[in-house]
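Protein chains in written order, with the working numbering: chain A, 2 to 165; chain B, 2 to 165; chain C, 2 to 165.
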């Protein structure tokens with residue numbers, strides 16, 4: 002885990018942040034989606050939007066959740082409701098960079114690539130982009146109060162089914 | 002290096018595990034394949050199989066080795082026997098997640114992407130998937146007692162020549 | 002951050018090295034290119050060359066800089082002079098491996114994949130390869146005295162516009 006130059010995060014905090022990211026990726030890579038909302042605070046913001054919107058200050062997001070309950074709804078939809086061709090999404094996430102630490106939490110950035118595999122097809126690059134996170138401590142547990150997923154491609158595939 | 006939530010691995014152990022993974026990747030990325038078997042225990046299990054088989058409980062593996070000696074044989078074959086078009090395989094591996102620690106060792110998971118480059122061709126995504134490892138300590142050295150390489154694609158290219 | 006087997010780097014140094022890599026990637030992923038030269042020493046060597054040249058001992062590099070001033074020139078060119086279609090480059094870099102520590106600094110290796118996104122196009126793999134770095138300490142700050150970017154593909158796209 003990584004501190005910005007000048008940011009002097011203690012070893013223990015760095016390791017706990019690294020644990021948070023690794024456990025999050027582990028839950029998603031294992032498709033244990035029911036664990037996913039637990040990585041967020043009660044009122045967490047989770048959204049996905051293309052890089053272009055961020056640059057132009059356009060707020061429109063392709064996915065927008067503003068509570069853990071909404072994340073749970075997404076998991077239920079994913080398990081029970083959504084109809085989609087079976088596929089695997091594999092995540093490879095770079096080392097997160099701790100950019101800022103303040104009263105409202107720690108701000109981190111991390112780049113990611115997602116790979117998609119359809120049945121009987123070779124794996125392909127699905128999406129890449131950057132995660133902008135705000136992490137807070139709640140009763141001794143680190144959680145995401147905010148995860149903004151910024152996707153490099155403008156015309157993102159419709160199938161943003163899975164959590165990122 | 003990363004502990005599962007609740008897993009309280011000491012800093013030193015985490016760093017040693019991180020060293021193991023980095024040194025392993027380094028050996029393969031430098032194509033110093035002769036170093037590869039040394040990362041495994043004498044009776045290590047090393048296998049590669051597609052995700053589909055894992056899910057359906059099918060044991061069939063595309064590569065199956067059950068000792069360091071068999072790994073050494075693979076390296077000899079790779080150097081001397083196999084005929085294949087020259088290519089580079091580049092590994093990018095995410096942060097490993099320590100999922101469990103018990104009497105039989107530590108269990109870790111890590112996601113990976115491999116990129117292939119043929120002569121005079123652009124690089125392409127070759128494979129992605131997840132490593133399921135069991136690491137043990139032998140006379141002060143951490144080694145893989147088990148590495149199960151689970152590949153996302155079902156129809157894997159025949160050319161699983163290189164170690165993963 | 003990762004020490005070679007046998008290399009016994011103290012925890013604090015490992016974290017500082019990890020910080021250096023994360024901050025470097027952060028600056029480039031945020032396209033804050035003006036920060037880029039500051040990660041290098043005054044007389045730093047920065048070059049990009051294909052793997053094939055390295056193997057055959059050919060010194061020809063596609064990009065060759067031998068001072069921080071030359072890196073600054075590249076940033077100016079990138080901002081003001083170069084004409085190119087707008088695109089995003091996303092970096093995903095694996096954990097660096099500390100291979101050697103000596104009087105002339107620390108030598109590290111790390112593998113990377115770069116993804117390119119053109120306007121209204123899906124993201125694609127752009128390049129992959131390996132970074133060979135020498136890091137030194139200057140007045141309490143770690144900096145790259147050398148970054149050799151070795152690219153797996155032989156016929157690299159002309160558009161090596163952005164820093165790697």
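In this text, a Cβ means the ideal position worked out from N, Cα and C, and glycines have one as well.
With its beta carbon at least 7 Å from every one in chain C, residue 58 of chain A lies outside the interface.
Per DSSP, the unbroken alpha helix (DSSP H) holding residue 23 of chain B starts and ends at 12-30.
Under a criterion of Cβ atoms nearer than 8 Å, no residue of chain A is adjacent to residue 141 of chain B; the nearest Cβ is some 23 Å distant. Fewer than three Cβ pairs drawn from the stretch 107-122 of chain B and the stretch 101-111 of chain A lie within less than 8 Å of each other, which leaves the two stretches out of contact. The contact set of residue 134 of chain A on chain B, defined by CB atoms closer than 8 Å, is empty, because the minimum CB distance reaches about 15 Å. Residue 93 of chain C counts as buried, since no fewer than 16 other beta carbons sit within 10 angstroms of its beta carbon.
Under DSSP, residue 130 of chain A shares a beta bridge with A:113 and A:152. With contacts defined as CB atoms closer than 7 Å, residue 121 of chain C and residue 155 of chain A qualify as a contacting pair.
Put simply, the backbone Cα of residue 57 of chain A is about 10 Å away from that of residue 51 of chain A. Spanning the alpha carbons of residue 15 of chain A and residue 30 of chain C requires a straight line of approximately 21 Å. With its beta carbon at least 7 Å from every one in chain B, residue 54 of chain C lies outside the interface. In this structure, the CA atom of residue 152 of chain B is about 21 Å from the CA atom of residue 40 of chain B.
Collapsing the DSSP output to three states places residue 44 of chain B in a strand.
Sequence-distant Cβ neighbours of residue 73 of chain C in its own chain, meaning closer than 8 Å and more than five residues away, are 38.
At the C-beta level, residue 162 of chain B and residue 83 of chain B come within 7 Å of one another.
For residue 138 of chain B, DSSP records a beta bridge to B:143.
At least one C-beta of chain A is nearer than 7 Å to the C-beta of residue 126 of chain B. Chain-ordered listing is empty here: chain C has no CB closer than 9 Å to the CB of residue 32 of chain A, the nearest sitting near 21 Å.
A distance below 6 Å between beta-carbons, with the five flanking residues on each side excluded, links residue 135 of chain B to the following residues of its chain, in chain order: 106, 108, 146 and 147. According to the DSSP assignment, residue 99 of chain A belongs to the beta strand (DSSP E) that extends over 98-103. Between the C-alpha atoms of residue 27 of chain C and residue 55 of chain B there is a straight-line separation of about 37 Å. The Cβ-Cβ distance between residue 91 of chain C and residue 119 of chain C does not fall below 7 Å. For residue 38 of chain A, the three-state secondary structure derived from DSSP is helix. Shown in chain order are the members of the stretch 67-99 of chain A whose Cβ falls below 7 Å from a Cβ of chain C: 93, 95, 96 and 98.
Boundaries of the beta strand (DSSP E) around residue 94 of chain B: 88-94. Residue 50 of chain A carries a strand assignment under DSSP once its states are collapsed to helix, strand and coil. If you ignore the 5 residues before and after residue 95 of chain B, its C-beta comes within less than 8 Å of the C-beta of 111, 112 and 113, all in its own chain and listed in chain order.
A distance of 7 Å or more separates the beta carbons of residue 17 of chain B and residue 128 of chain B.
Following the DSSP letters along the chain, one finds residue 76 of chain B inside the alpha helix (DSSP H) bounded by residues 69-77.
Distance between residue 86 of chain B and residue 157 of chain B, taken at the CA atoms: about 17 Å. Residues 76 of the same chain have their beta carbon placed closer than 7 Å to that of residue 35 of chain C, with the five preceding and five following residues left out of the count. When DSSP states are grouped into helix, strand and coil, residue 64 of chain A belongs to the strand group. At a C-beta separation below 8 Å, residue 154 of chain C has these neighbours in chain B: 118, 122, 123 and 124. For the pair residue 45 of chain B and residue 67 of chain A, the Cα-to-Cα distance works out to about 47 Å. Residue-level contact check: residue 131 of chain B touches chain A, since one or more beta carbons of chain A fall below 7 Å from its beta carbon. For residue 80 of chain B, the number of other beta carbons within 10 angstroms of its own is below 16, and it is reported as exposed.
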